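Residue numbers (my numbering): 7 to 212.
Don't be surprised by glycine CBs; every beta carbon is placed ideally from N, CA and C.
If you're wondering where the values come from, they're calculated on a predicted model, not measured in any experiment.
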């Protein structure tokens with residue numbers, strides 16, 4: 007039976023600069039080149055934390071040291087696992103980031119799509135909806151606009167997160183998606199196969 011999905015969350019701002027420098031040594035050549043192309047320091051931090059978190063999750067699933075996990079960059083796609091070889095098929099994984107938070111989901115025997123979004127009530131949600139949502143999503147958004155403020159904001163970001171998670175996975179409308187509770191974030195995990203309800207675990211990098 008496949009293992010439950012791991013869903014780990016890290017406060018990237020809490021990672022010390024010395025640790026970030028150490029973790030950069032875990033990156034492969036393609037990852038290092040991509041890291042160097044980021045202009046903003048926050049995006050560099052998110053990238054390093056995300057790749058370390060992914061290696062830790064894959065280490066749990068594959069029984070390998072995280073520093074021994076090799077990843078290959080792909081254009082406009084998640085990285086590809088190069089080594090070690092995975093018995094019984096490649097594990098599925100997905101990385102997401104928003105603000106100070108970085109998240110990673112991983113599980114054996116199924117592809118995953120993960121999205122997290124900081125829930126900001128101060129943004130112009132109606133304008134964002136007009137830009138991002140298709141007609142079916144707009145119909146859902148119009149119903150949400152009748153709700154009290156907190157429920158409307160939560161509902162908007164739930165729609166947005168699911169749209170992004172489905173896009174990462176390439177899921178059709180009948181895919182399997184679950185929303186997970188968090189005080190600051192909208193968190194949605196989508197899968198090709200049905201998922202047991204995972205829990206969001208906040209972790210500290212070693």
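When you measure from the CB of residue 181 to every non-hydrogen atom of the ligand MG, does any distance come out below 6 Å?
Annotation note on the ligand MG: not contained in the displayed structure, which lists no ligands.
Can you grab the Cα-Cα spacing for the pair residue 18 / residue 62, in whole Å?
The residue given as residue 18 occupies position 12 in the chain shown. The residue given as residue 62 occupies position 56 in the chain shown. So the alpha carbons of these two residues sit roughly 15 Å apart.
Residues in the same chain with beta-carbon distance under 7 Å from residue 66, minus the five sequence neighbours each way, listed in chain order, please.
Along the chain shown, one-based indexing puts residue 66 at 60. Once the five neighbours on either side are set aside, the close Cβ partners of residue 66 are 12.
Please name the residue or residues paired with residue 99 in a DSSP beta bridge.
As a working mapping, residue 99 is identified with position 93 in the chain shown. According to DSSP, residue 99 bridges with 112.
Using only CA atoms, which one of 74, 84, 71 and 75 lies nearest to residue 53?
One-based indexing of the chain shown puts residue 53 at position 47. Looking at the Cα atoms, 84 is the closest of the given residues.
Are residue 183 and residue 193 close, meaning C-beta to C-beta below 7 Å?
In the chain shown, the residue the question calls residue 183 occupies position 177. In the chain shown, the residue the question calls residue 193 occupies position 187. Not closer than 7 Å, so no.
Can you give the Cα-Cα distance for residue 212 and residue 202, rounded to whole angstroms?
The count along the chain shown starts at 1 and reaches residue 212 at position 206. The count along the chain shown starts at 1 and reaches residue 202 at position 196. Approximately 28 Å, taken between the alpha carbons.
From what residue to what residue does the beta strand (DSSP E) around residue 87 run?
Numbered from 1 along the chain shown, position 81 holds the residue referred to as residue 87. Run containing residue 87: 83-89, per the beta strand (DSSP E) assignment.
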